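Single-structure report; data block below.
Residue numbers (the working numbering): 25 to 107.
Below, the structure written as C-alpha cells:
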C-alpha cells in the first residue's frame with residue numbers, strides 16, 4: 025500500500041486568475057512588468073528607449089521598474105475603442 029500526500033498530488037492550479045496588486049513602493053523586473061502590461065519584454069525595452077514607457081533604474085546591475093511608474097502608466101492609458 026502506498027501513501028499519497030494530498031499536498032503534492034493536488035491537481036488544483038495554485039495560481040489565481042487575478043494578478044497580485046503592485047506595491048507602489050516596490051520594484052518589478054522586466055518580464056513580469058511586460059506580462060502585466062500585455063507586451064513582449066523586447067517590446068517593453070523598445071518602448072522605454074523610445075520614451076513610450078518609464079525607464080527602469082539599475083539595482084545591483086538589474087534593470088528594475090518602480091511600481092509607482094508602472095501604475096501611473098496603466099492609469100494614463102487611453103481605452104482602445106473598437107471599430
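Even glycine gets a Cβ: it sits at the ideal position worked out from N, Cα and C. In this text, all values refer to a predicted model and were calculated from it rather than measured experimentally.
Query raised in the report: In or out: residue 86 buried (at least 16 other Cβ within 10 Å) or exposed?
Result: Residue mapping note: residue 86 aligns to position 62 of the chain shown, counting from 1. The residue is exposed, with fewer than 16 neighbouring Cβ atoms inside 10 Å.
Requested in this report: Determine the contact status of residue 100 and residue 48, defining contact as a CB-CB distance below 8 angstroms.
Outcome: As a first step, residue 100 must be located in the chain shown, where it is residue number 76. As a first step, residue 48 must be located in the chain shown, where it is residue number 24. Contact flag unset, no.
**Report entry** Beta-bridge pairing of residue 81 - partner residues as DSSP gives them
**Finding:** Indexing the chain shown from 1 puts residue 81 at position 57. In the DSSP output, where bridge partners are listed per residue, residue 81 has 88.
Query raised in the report: Under a Cβ-count criterion, where at least 16 other Cβ atoms within 10 Å of its own Cβ denotes burial, should residue 110 be classed as buried or exposed?
Result: The chain is shown from 25 up to 107; residue 110 falls before or after that span and cannot be answered.
Requested in this report: Establish whether the CB of residue 75 and some CB of chain C are separated by less than 8 angstroms.
Outcome: Protein chain content of the structure displayed is limited to a single chain, and chain C is not contained in it.
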